[in-house]
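Enquirer: Dropping a structure here in structure tokens format, bear with me for questions.
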Amino acid sequence: MSASTPMPMPSKSLPPPFRVVYMSRSKPLRRVMANEKDFIASLETLEMESDGGIVFSAVDPAEIPIGDQLKLFSTADLLMAPHGASLTWLVLQPPTCSQVIEFKATGNYHYENLAHYAGVSHRFLEARPPMAWGSSTFNANVPGAVEAVVAAKANWEECVKEIEWARAALL
Numbered sequence: 001m002s003a004s005t006p007m008p009m010p011s012k013s014l015p016p017p018f019r020v021v022y023m024s025r026s027k028p029l030r031r032v033m034a035n036e037k038d039f040i041a042s043l044e045t046l047e048m049e050s051d052g053g054i055v056f057s058a059v060d061p062a063e064i065p066i067g068d069q070l071k072l073f074s075t076a077d078l079l080m081a082p083h084g085a086s087l088t089w090l091v092l093q094p095p096t097c098s099q100v101i102e103f104k105a106t107g108n109y110h111y112e113n114l115a116h117y118a119g120v121s122h123r124f125l126e127a128r129p130p131m132a133w134g135s136s137t138f139n140a141n142v143p144g145a146v147e148a149v150v151a152a153k154a155n156w157e158e159c160v161k162e163i164e165w166a167r168a169a170l171l
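Just so you know, full-length UniProt numbering puts 86 at position 86 of the sequence shown, and the rest follows in order with no gaps.
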């Protein structure tokens, strides 16, 4: 492209909503979020205040048919969960702009590594008290988790914008 050729502008249409899925561990005996009701209520409030910019779902994967899990997790922009096997679903997320927030169990980096190889951004949030693999419950830092979702949405919007600019430049 020459210096005299104007840079193509990306579409001015509104971006799709940022799809956030929280995967509950309500039934297991370990790593259950003790303040999960407050956590979910705070993210539902964030969704309502976003004017359609965020779509939030809280699910227990054990209660959803496998086909519905495939659809839900493969279209999520952000997966959130305590450390556990449900985080394996991150491999279904589209690479590039997708993200995972994991409530950290001390010394467990399985899903951080899996996210790296899947091309998905991964972030830890500390549990209170610090959570070990065998911990029965933990508390989420709810305000910190809400801030992390807001930051993840901003990162996602920037990523989507960069992709739109790149596509427009190729046309």
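Ideal placement from N, C-alpha and C gives every residue a C-beta, glycine not left out.
1. Is it the case that the region 68 to 83 contacts the region 100 to 108, given that we only count it when at least three CB pairs across the two stretches are under 8 angstroms?
2. Please tell me whether S26 and P61 are closer than 7 angstroms, where the distance is taken between their beta carbons.
3. Straight-line CA distance for T137 to L170?
4. So F39 and A145 are in contact, right, with Cβ under 8 angstroms, and what is the actual spacing, rounded?
5. To the nearest angstrom, how far is it from the Cα of C159 to the Cα of N108?
6. Judging by CA-CA distance, which residue of L43, Y22, V32, W89 is the nearest neighbour of G134?
7. Just verifying my parser: in three-state terms, what is the DSSP assignment at N139?
8. Check the C-beta distance from T96 over to G119 and give it rounded, since I have them as a contact under 8 angstroms.
9. On the DSSP letters alone, give me the boundaries of the beta strand (DSSP E) that Y22 sits inside.
10. What residue ranges within the UniProt domain "Glycosyltransferase 61 catalytic" (15 to 97) form continuous beta strand (DSSP E) runs of no fewer than 3 residues, ordered along the chain?
11. Which residues in the same chain as V91 place their Cβ atom closer than 6 angstroms to its Cβ, once the five residues preceding and following it in sequence are excluded?
12. Which partner residues of V100 appear in the DSSP bridge assignment?
13. Cα separation between K71 and E47?
14. Taking Cβ positions, are A58 and Y22 nearer each other than 7 angstroms?
15. Are the CB atoms of A154 and L125 within a distance shorter than 7 angstroms?
16. Enumerate in chain order the residues of its own chain whose CB-to-CB distance from R128 is below 7 angstroms, with the five nearest sequence positions on each side excluded.
17. If we ignore side chains and look at the alpha-carbon of each, how far apart do E157 and V150 end up?
Expert: Concretely, from the data shown:
1. yes
2. Taking the sequence shown and counting its residues from 1, one reaches residue 26 at position 26. Taking the sequence shown and counting its residues from 1, one reaches residue 61 at position 61. Cβ distance not < 7 angstroms, so S26 and P61 don't count as in contact.
3. Working through the sequence shown from its first residue, we reach residue 137 at position 137. Working through the sequence shown from its first residue, we reach residue 170 at position 170. The straight-line gap from Cα to Cα measures roughly 50 angstroms.
4. As a working note, residue 39 is residue 39 in the sequence shown. As a working note, residue 145 is residue 145 in the sequence shown. Correct: roughly 6 angstroms between the Cβ atoms.
5. Residue numbering aside, residue 159 sits at position 159 when the sequence shown is read from its first letter. Residue numbering aside, residue 108 sits at position 108 when the sequence shown is read from its first letter. Roughly 28 angstroms separates the two Cα atoms.
6. By 1-based counting over the sequence shown, the position of residue 134 is 134. Checking every option, the nearest Cα to that of G134 belongs to V32.
7. Residue 139 sits at position 139 when you count from the first residue of the sequence shown. In this structure, N139 counts as strand in the three-state DSSP scheme.
8. For the purposes of this step, residue 96 is taken as the residue at position 96 of the sequence shown. For the purposes of this step, residue 119 is taken as the residue at position 119 of the sequence shown. At roughly 7 angstroms, the Cβ-Cβ gap stays under 8 angstroms, so T96 and G119 are in contact.
9. By 1-based counting over the sequence shown, the position of residue 22 is 22. Its beta strand (DSSP E) spans residues 18 to 23.
10. 18 to 23, 54 to 59, 78 to 82
11. On the sequence shown, residue 91 is found 91 positions in, with the first residue counted as 1. Only A118 meet the Cβ criterion.
12. As a working mapping, residue 100 is identified with position 100 in the sequence shown. Paired residue(s): L79, H122.
13. Translated into the one-based positions of the sequence shown, residue 71 becomes position 71. Translated into the one-based positions of the sequence shown, residue 47 becomes position 47. So the two alpha carbons sit approximately 21 angstroms from each other.
14. Residue 58 sits at position 58 when you count from the first residue of the sequence shown. Residue 22 sits at position 22 when you count from the first residue of the sequence shown. Yes. Within cutoff.
15. In the sequence shown, residue 125 corresponds to position 125, counting from 1. In the sequence shown, residue 154 corresponds to position 154, counting from 1. Result no, Cβ atoms of L125 and A154 do not sit closer than 7 angstroms.
16. As a working note, residue 128 is residue 128 in the sequence shown. F138, N139, N141, listed in sequence order.
17. Along the sequence shown, read from residue 1 onward, the residue named residue 157 stands at position 157. Along the sequence shown, read from residue 1 onward, the residue named residue 150 stands at position 150. Their Cα atoms are separated by approximately 11 angstroms.
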